[in-house]
Amino acid sequence: MTDTLRVSMLQMTSHNTHDRNIESLSTAAKRAADEGADMLTLPEAAGLMDRDKDHARAQITQESHDPYIAACREEAAKHGIWIHSGSSPVKAPDGRYFNHTVLIDPAGEILARYDKIHLFDVFLDGRDATGESSRYAPGTDAVLVDTPFGPLGMSICYDLRFPHLYREYALAGATVMFVPSAFTVPTGRAHWEVLLRARAIENGAYVIAPAQVGDHADGRATWGHSLIISPWGEVLADLGGAVAGQVTVDLPLDAVAAARRQIPNLKNARAFDLRHIGPARNDMPSTPARHSSTGALT
Ligand SMILES: O=C(O)CNC(=O)[C@H](CS)NC(=O)CCC(=O)C(=O)O
Numbered sequence: 001m002t003d004t005l006r007v008s009m010l011q012m013t014s015h016n017t018h019d020r021n022i023e024s025l026s027t028a029a030k031r032a033a034d035e036g037a038d039m040l041t042l043p044e045a046a047g048l049m050d051r052d053k054d055h056a057r058a059q060i061t062q063e064s065h066d067p068y069i070a071a072c073r074e075e076a077a078k079h080g081i082w083i084h085s086g087s088s089p090v091k092a093p094d095g096r097y098f099n100h101t102v103l104i105d106p107a108g109e110i111l112a113r114y115d116k117i118h119l120f121d122v123f124l125d126g127r128d129a130t131g132e133s134s135r136y137a138p139g140t141d142a143v144l145v146d147t148p149f150g151p152l153g154m155s156i157c158y159d160l161r162f163p164h165l166y167r168e169y170a171l172a173g174a175t176v177m178f179v180p181s182a183f184t185v186p187t188g189r190a191h192w193e194v195l196l197r198a199r200a201i202e203n204g205a206y207v208i209a210p211a212q213v214g215d216h217a218d219g220r221a222t223w224g225h226s227l228i229i230s231p232w233g234e235v236l237a238d239l240g241g242a243v244a245g246q247v248t249v250d251l252p253l254d255a256v257a258a259a260r261r262q263i264p265n266l267k268n269a270r271a272f273d274l275r276h277i278g279p280a281r282n283d284m285p286s287t288p289a290r291h292s293s294t295g296a297l298t
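This is the structure in structure tokens:
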């Protein structure tokens, strides 16, 4: 294992065509390589952000034909850097899409794939309901990838609100967890930084969260504030809420062990029963609920 990950993070305002986004990718890959980065990381929907169903359908293909993923592979090989693709939509077997990430090695090979597990089906006050699952199919597998920088945990955007996913990665030894995102402006303002810092602190791992920013061609607006957080919860980089940008940061990997040595909460964790004390009701469970490691009540 190497002792430092020099990571370059891109904040972008994705367009509704692959071509425009591939231009941003190429420029960012060159800059990352010029700055000596080991890895370039990109936001959710870096490959395509297009809520126009017909316009999107004409562009979206299987992973093997996706022009954005092909471009990521080319840029990785050309510059000899790792690329985390952020995400792009690819066809799923049921006719919907997967919100799909690939991790590409410096030879341009796809080392790992991840499909967003938790879809953004929400009801924000003052806005139309967002039903990501009407167009996207959920992934079923959490994915942790062994690399020279330690095991890297995959996630996307709304996954951030499901802390047991990151706990599983931490228990399996993750040094870094990726949260490429396209947060809404109101939820970004209210929740983004505190959730990311909490995931880093409670798991003693780096969190790298490249994000979409600004007003997009497809009519959406996103919060930005791409962040890199240390295992101790410090904000090491913040790309702001206004415009696209890029930053390169050195992440010393021994900070992971240092955080977990000082606060060994992963080791100090205990199973417990939940006793729900209250007035007797007919529908009360007769046995205490057991809290499972997945965070679901069983
Ligand atoms: O579909 C695309 O093109 C890109 N994907 C997104 O924008 C997704 C699904 S609509 N956005 C989120 O998950 C926002 C989560 C969020 O804002 C929160 O949890 O508060």
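In UniProt numbering, the protein residues as written are 1 to 298.
All residues carry an ideal CB built from backbone N, CA and C; glycine is no exception.
Go ahead and label Thr140 buried or exposed: buried means 16 or more other beta carbons lie within 10 angstroms of its beta carbon, across all protein chains shown.
exposed
Entirely enclosed beta strand (DSSP E) segments - the stretch 161-194, minimum 3 residues
As far as the stretch 161-194 is concerned, its whole beta strand (DSSP E) runs of at least 3 residues are 176-178.
Are the stretch 251-261 and the stretch 200-216 touching by the rule of at least three beta carbon pairs closer than 8 Å?
yes
Beta carbon shell of ligand 1 at less than 5 Å from a heavy atom
This criterion selects Ala45, Met49, Phe120, Glu132, Cys157, Tyr158, Ala182, Phe183, Thr184 and Thr187.
Need the endpoints of the alpha helix (DSSP H) that Asp218 sits in, please.
Note, Asp218: premise wrong, no alpha helix (DSSP H); not H, not E.
Starting from the C-beta of Gln62, find all residues in its chain whose C-beta is less than 8 Å away, skip the five residues before and the five after it, and write them out in chain order.
Cβ neighbours of Gln62 within its own chain (closer than 8 Å, five residues either side excluded): Val90 and Lys91.
Count the C-beta pairs between the stretch 100-120 and the stretch 70-89 that are closer than 8 Å, then say yes if the count reaches three, no if not.
yes
With Leu261 as the anchor, note down where its alpha helix (DSSP H) starts and where it stops.
The sequence shown places Arg at residue 261, rather than the Leu named in the question. Arg261 -> alpha helix (DSSP H) spans Asp254 to Gln262.
Comparing C-alpha positions only, which one of Ala33, His216, Ala46 and Leu266 sits nearest to Ala76?
Of the candidates Ala33, His216, Ala46 and Leu266, the one whose C-alpha sits nearest the C-alpha of Ala76 is Ala33.
Report the three-state DSSP secondary structure of Thr27 (helix, strand or coil).
helix
Look at the alpha carbon of Thr298 and the alpha carbon of Thr27, and state the distance between them as a whole number of angstroms.
Note that Thr298 has pLDDT 45, beneath the 50 cutoff, so the model's placement of it is unreliable and the number below is only indicative. The alpha-carbon atoms of Thr298 and Thr27 are separated by roughly 49 Å.
Over what stretch of residues does the alpha helix (DSSP H) that includes Ser88 continue unbroken?
Element bounds for Ser88: not the alpha helix (DSSP H) but the beta strand (DSSP E), Ser88 to Lys91.
Using alpha carbons as the reference points, say which of Ala217, Arg167 and Val243 lies closest to His15.
For His15, the nearest C-alpha among the options comes from Ala217.
Let me check one thing: in DSSP terms, what residues is Asn99 bridge-paired to?
Pro89
Contact the stretch 217-231 vs the stretch 2-11: 3+ CB pairs below 8 Å:
yes
Cβ pair Leu160, Tyr136 closer than 8 Å
no
Is Leu40 helix, strand or coil by DSSP?
strand
On the DSSP bridge assignment, give the partners of Val247 in chain order.
Val247 is bridged to Met9.
At the level of alpha carbons, what is the spacing between Ala37 and Ala255?
19 Å
Inter-stretch contact at 8 Å, needing at least 3 Cβ pairs: the stretch 183-196 / the stretch 67-75:
no
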